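Undergrad: The structure is given below, and queries will be raised subsequently.
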Amino acid sequence: MMATLTLLILSFLITLTTPSLLNASLASSSQTHNPPIPQTYIILVKPQSSNFTTQAARDNWYASFLPNKTINFIKSRVLRTYSDAISGFVANLTIQELYQVEHHPSFLTAIPNRNLHLLTTHTPAYLGLYPSQGFWNLTASFGTGIIIGMLDTGIHPSHPSFSHDQAMPDPPVQWKGICEFNYTGACNKKLIGARSHTLWKDLKSPDDLFGHGTHTSATAAGAFISGANVLGSANGTAAGLAPLAHLAMYRVCETERFCSTDAILAGLDSAINDGVHIISLSLGGPSYPFYEDVIAIGAFKAIKKGIFVSCAAGNDGPFDTTVGNEAPWLLTVGASTTDRNVRATVKLGNGEELDGQSAYQPKCYNASSLLPLVKGSNKDVTMYCLPETLQSIDVRGKAVLCFGDNSAALDTGIVVKKAGGAAMIFANIIQNGYTTMAEPHVLPASHIDYNSGVKMLSYVNSTANPTASIIFKGAILGVTPAPTVASFSSRGPSYRTPGILKPDIIGPGVSVLAAWPFKVGPESNKLTNMNFDMISGTSMATPHLSGIAALLKSVHRDWSAAAIKSAIMTTADTIGNDGDTIKNELNEPASFFDFGAGQVNPSKAADPGLVYDLTVDEYTSFLCGLGYTNAQVEVITGTNVSCDEIKKISEAELNYPSILVIVPSEGIAVSRVVTNVGEASSCYKVKLEMPEDLEVRVEPEMLQFTMVGEKQGFTVRIKAKSSGLENAQGSLKWVSDKRVVRSSVIVSST
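Going by mature numbering (1 follows the signal peptide of the UniProt record, and there is no 0), the letters in the sequence shown line up with residues -19 to -1, 1 to 731, in that order.
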């Protein structure tokens, strides 16, 4: 779910303490009489050469790092231990104690515990998945036999989306997880496991107190539920993207805003050990070096065991270089709109109509009765309707025009209603553009785009007695343009690896309808027995891709995580339903830094023809190529590495499904290797779609395969016709009689 407050971002700006800083802290602490205060650290250590046979043996090994070996000290300071995601433990330590731990010969690094934040009836069909035909049912069997591990706020197990019927198979034999609910009957063949990894004593159950985890779980793998709607809107059959896949919930979030990194690492640890196939993380934070990024570190261990990991790109758009979860072994997911609006049209007193959205569509609302219309603030259009601004304005019985960030629409409606407003028109501020949302408001409301808001403001200022009403028209399908990149979706280029295109992909993340633990909307409308909600964020887009990855894994059990990722990226759509390039929140052509490879296309991804595969060794060479030390690489990979003894590769040399390079005056050559996963005998010819500023050729121009699994390499030679070229975009396509395998290409020149 979106979190846009600056204070939240500031709370994440905690940096790793270096030895020099430790020494400085020790010097300063010696000059004070206050006792040192322990802080929580994740301690990463070198793995033992032999595996531990018991948990006690592992605990004894970790205890050897502590400066005090007494039982009381260990029990009071060691909070948890890890076995799969990392080799290490979490402990409360003072600076002095941490300094002593550092001197253990097997110590690698200490990462301060941080808080990260949490970042459907129509979307399966919108993505081309239909229950009665084609890939979803006949080929992928709705994700049968695949386990999706969700790291989130927990789950509401009694929701119908997590029930099972006779079609739901037993869990795979590899499953080793447990169900930690404190009541019976919570887990079944659909929800096969649930754990809580929070250290708060009152949050030991995996029950969802906030709704986020319930929603993401249902989006990924919820069962078919007919009659799903939000306050009567968007009625239909709800289903996750992989409705016959199994779910396992790992609660890692203490609140609806924060998820501690030690709990996230514990969730990854359990998911890897339990035997999941897919891990879905709709959470993230600021950019850190990969050796300080617990998601990147834990996910690398998952990738080593063949587990696919999808992560939210973040909700800090539309600003550049805001994308999170940047590691190339992760699928980084941005958010897009769909072609559905839940229409709430504002009719002004001058007869002009402005289309907006609202999930709350009151049936008894008199649209023909125009209400007096007032501005919720006398300041400019960047101002929210705040309680203090409404105190000086008589809004009782009136429609109130409010401007604000689109993440604040629901809360703004509550403020307006408390002040006595009869209706609200919520207009986007300029950076939100045309991205509007259908939400369960507490009063008659419409969420309109920025341009409509400016028109409305002009009308209010032009007449002494402005009036307005709202016409509720229900769900409208076929809206154009769609998809568009959601305004909040974080953008590239990547801060940590600017030579790797991020985000990788976009998927539906606006007004996504899925299971919810609580009643929503006005009190008078909370009558339904089944709870669903429409919410937005890259948090909602991510489980779409997790579910799609489960479908692909169910069809291609031997594919690596990198192969699944490649299939998703090289078959993505870059053209919207208006026949033009996918647009951004301003309805202008979006860049590859906005949508990566494009909008996911599940059916095409199941049969990509060629894939760009990657091994753990190649990722290791890439990490050495970033200039990381041997110890920093070992923190990520979990293996002892000497970068001097292996081939280092640059970002451009990583066998990634996209290409992003800075070209010197003499030009550059970039090599790639593709693996045939289509027919044994197949032929692909290159097709280049490049801007005129570039000279590009591919050698060879044709790839001829004679067997499945065969690998062939090619070289892309790029030269800019002039210097100073910035982010020129093009496409490289391998085209056969049946398939198009596309890679995004971005080129700048010195």
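Ideal Cβ positions, reconstructed from N, Cα and C, are used throughout, including at glycine. All values reported here derive from a predicted model rather than from experimental measurement.
Tell me which residues share the same chain as Leu264 and place their Cβ nearer than 6 Å to its Cβ, disregarding the 5 neighbours each side in the sequence.
TA: Here residue 264 refers to the residue found at position 283 of the sequence shown. Hits under 6 Å: Leu97, Leu99, Leu100 and Cys240.
Undergrad: Does the stretch 403 to 422 come close enough to the stretch 317 to 337 that 3 or more CB-CB pairs lie under 8 Å?
TA: yes
Undergrad: Please say whether Leu641 and Gly480 have beta carbons closer to each other than 7 Å?
TA: The residue you call residue 480 lines up with position 499 of the sequence shown. The residue you call residue 641 lines up with position 660 of the sequence shown. Cβ distance < 7 Å, so Gly480 and Leu641 count as in contact.
Undergrad: Rank Ser492, His537, Pro152 and Gly590 by C-alpha distance to the C-alpha of Ala215 and give the top, closest one.
TA: Start at 1 with the first residue of the sequence shown, and residue 215 comes out as number 234. Ranking Ser492, His537, Pro152 and Gly590 by Cα distance to Ala215 puts Ser492 first.
Undergrad: Where in the stretch 165 to 228 do unbroken runs of the beta strand (DSSP E), each at least 3 residues long, occur, reported from the N-terminal end onward?
TA: 172 to 177, 206 to 211 and 214 to 219
Undergrad: Could you say if the stretch 602 to 622 and the stretch 268 to 276 meet the contact criterion of at least three C-beta pairs nearer than 8 Å?
TA: yes
Undergrad: Check whether the Cβ atoms of residue 735 and Tyr665 lie closer than 7 Å to each other.
TA: Here the chain comprises residues numbered -19 to 731, so residue 735 is not present and cannot be evaluated.
Undergrad: State the DSSP-derived secondary structure class of residue 810, mapped to helix, strand or coil.
TA: Absent from the structure is residue 810, since the part of the chain shown begins at -19 and ends at 731.
Undergrad: Since Gly619 and Lys286 are thought to touch, with beta carbons under 8 Å apart, how far apart are those beta carbons, to the nearest angstrom?
TA: On the sequence shown, position 638 is the one that residue 619 refers to. On the sequence shown, position 305 is the one that residue 286 refers to. The pair is not a contact, with the Cβ atoms about 11 Å apart (cut-off 8 Å).
Undergrad: Which residue marks the beginning of the alpha helix (DSSP H) containing Cys605, and which one marks its end?
TA: Here residue 605 is taken as the residue at index 624 of the sequence shown, counted from 1. Per DSSP, Cys605 belongs to the alpha helix (DSSP H) from Val597 to Gly606.
Undergrad: For Val644, is the classification buried or exposed, using 16 other Cβ atoms within 10 angstroms of its Cβ as the cut-off for buried?
TA: Translated into the one-based positions of the sequence shown, residue 644 becomes position 663. Looking at its Cβ environment, which holds 16 or more other Cβ atoms inside 10 Å, Val644 is buried.
Undergrad: Taking just the CA atoms, how far does Asn41 sit from Asn254?
TA: Within the sequence shown, numbered from 1, the residue matching residue 254 stands at position 273. Within the sequence shown, numbered from 1, the residue matching residue 41 stands at position 60. Answer to the nearest angstrom: the Cα atoms are 20 Å apart.
Undergrad: Compare the Cα-Cα distances from Thr21 to each of Gln29, Thr461 and Ser57 and report the closest residue.
TA: To locate residue 21, count along the sequence shown from 1; it is residue 40. Each of Gln29, Thr461 and Ser57 was checked against the Cα of Thr21, and the nearest Cα belongs to Ser57.
Undergrad: Leaving out five residues before and five after Gly690 in sequence, what residues of the same chain have Cβ atoms less than 8 Å from its Cβ?
TA: Mapped onto the sequence shown, residue 690 falls at position 709. If we look at Gly690 and ignore the five residues flanking it on each side, its Cβ neighbours are Thr656, Asn657 and Val658.
Undergrad: Report the three-state DSSP secondary structure of Thr102 (helix, strand or coil).
TA: The residue given as residue 102 occupies position 121 in the sequence shown. In this predicted model, Thr102 has a pLDDT of only 47, less than 50, meaning its place in the structure is not dependable enough to derive any value.
Undergrad: Under 8 Å by Cβ, that's how I've got Val722 and Gly590 pegged, so tell me the actual separation to the nearest angstrom.
TA: Against the sequence shown, residue 722 aligns to sequence position 741. Against the sequence shown, residue 590 aligns to sequence position 609. That belief holds up - the Cβ atoms of Val722 and Gly590 are roughly 6 Å apart, short of 8 Å.
Undergrad: Tell me, which residues are paired with Thr465 by DSSP?
TA: Counting from one through the sequence shown, the residue named residue 465 turns up at place 484. The partner list for Thr465 (beta bridge, DSSP) reads Lys564.
Undergrad: Expressed to the nearest angstrom, what Euclidean distance is found between the alpha-carbon atoms of Asn73 and His85?
TA: Taking the sequence shown and counting its residues from 1, the one referred to as residue 73 is at position 92. Taking the sequence shown and counting its residues from 1, the one referred to as residue 85 is at position 104. Approximately 17 Å, taken between the alpha carbons.
Undergrad: Between the stretch 427 to 443 and the stretch 375 to 390, can you find at least three pairs of beta-carbon atoms closer than 8 Å?
TA: yes
Undergrad: With H, G and I counted as helix, E and B as strand and the rest as coil, what does DSSP make of Leu7?
TA: For the purposes of this step, residue 7 is identified with residue 26 of the sequence shown, where counting begins at 1. The pLDDT assigned to Leu7 is 29, lower than 50, so where the model puts this residue is not dependable, and the model offers no usable value.
Undergrad: Indicate whether Asp485 and Thr313 have their beta-carbon atoms separated by less than 7 Å.
TA: Reading the sequence shown from its first residue, position 504 is the one you call residue 485. Reading the sequence shown from its first residue, position 332 is the one you call residue 313. Result yes, Cβ atoms of Asp485 and Thr313 sit closer than 7 Å.
Undergrad: Under the rule that 16 or more other beta-carbon atoms within 10 Å means buried, what is Thr731, buried or exposed?
TA: As a working mapping, residue 731 is identified with position 750 in the sequence shown. Thr731 should be labelled exposed.
Undergrad: Report the three-state DSSP secondary structure of Ser527 (helix, strand or coil).
TA: Here residue 527 corresponds to residue number 546 of the sequence shown, with the count starting at 1. Correct three-state label for Ser527: helix.
Undergrad: Among the residues of its own chain, which have a CB less than 7 Å from the CB of Gly648, if the five just before and after it don't count?
TA: Along the sequence shown, one-based indexing puts residue 648 at 667. Within the same chain, Gly648 has close Cβ partners Arg698, Ile699 and Lys700.
Undergrad: Among Ala633, Ala709 and Lys692, whose alpha-carbon lies nearest the alpha-carbon of Glu670?
TA: One-based indexing of the sequence shown puts residue 670 at position 689. Minimum Cα distance to Glu670 is reached at Ala709.
Undergrad: What's the gap between the Cα of Thr519 and the Cα of Leu222?
TA: In the sequence shown, residue 519 corresponds to position 538, counting from 1. In the sequence shown, residue 222 corresponds to position 241, counting from 1. Answer to the nearest angstrom: the Cα atoms are 16 Å apart.
Undergrad: What did DSSP end up calling Ala325 once you bin it into helix, strand or coil?
TA: Taking the sequence shown and counting its residues from 1, the one referred to as residue 325 is at position 344. DSSP, read as helix, strand or coil, puts Ala325 in strand.
Undergrad: Quick one: any contact between the stretch 128 to 140 and the stretch 180 to 192, if contact means 3 or more CB pairs under 8 Å?
TA: yes
Undergrad: Applying the 10 Å Cβ sphere with the 16-neighbour rule, what's the burial state of Pro181?
TA: Locating residue 181 in the sequence shown gives position 200, counting from the first residue. Position check: residue 181 holds Trp in this sequence, whereas Pro was assumed. Looking at its Cβ environment, which holds fewer than 16 other Cβ atoms inside 10 Å, Trp181 is exposed.
Undergrad: Report the three-state DSSP secondary structure of Trp42 (helix, strand or coil).
TA: As a position in the sequence shown, residue 42 is number 61, starting the count at 1. Three-state result, Trp42: helix.
Undergrad: Rounded to a whole number of angstroms, what is the C-alpha to C-alpha distance between Phe535 and Arg95?
TA: The residue you call residue 535 lines up with position 554 of the sequence shown. The residue you call residue 95 lines up with position 114 of the sequence shown. The amino acid occupying residue 535 in the given sequence is Ser; Phe does not appear at that position. Ser535 and Arg95: Cα-Cα distance of roughly 35 Å.
Undergrad: Whole-angstrom Cβ separation of Leu533 and Ala495, contact assumed at under 8 Å?
TA: Numbered from its first residue, the sequence shown carries residue 533 at position 552. Numbered from its first residue, the sequence shown carries residue 495 at position 514. Here Leu533 is actually not in contact with Ala495; their C-beta atoms are around 21 Å apart, not less than 8 Å.
Undergrad: If you follow the beta strand (DSSP E) that Leu635 is part of, which residue opens it and which one closes it?
TA: Position 654 of the sequence shown, counted from the first residue, corresponds to residue 635. No beta strand (DSSP E) contains Leu635, which DSSP labels as neither H nor E.
Undergrad: Excluding five sequence neighbours on each side, which residues of the same chain lie with their C-beta closer than 6 Å to the C-beta of Tyr346?
TA: Along the sequence shown, read from residue 1 onward, the residue named residue 346 stands at position 365. Counting only Cβ-Cβ distances below 6 Å, and skipping sequence neighbours, we find Pro425.
Undergrad: Around the Cβ of Leu458, are there at least 16 other Cβ atoms within 10 angstroms (buried) or fewer (exposed)?
TA: The residue labelled residue 458 in the question sits at position 477 within the sequence shown. With fewer than 16 other Cβ atoms within 10 Å, it is exposed.
Undergrad: From Leu2 to Thr610, what does the alpha carbon distance come to, in whole angstroms?
TA: If you number the sequence shown from 1, residue 2 lands on position 21. If you number the sequence shown from 1, residue 610 lands on position 629. Low local confidence applies: a pLDDT of 30 at Leu2 is under 50, so the model's placement there is unreliable, with the coordinate-based value given in what follows. C-alpha of Leu2 to C-alpha of Thr610: approximately 19 Å in a straight line.
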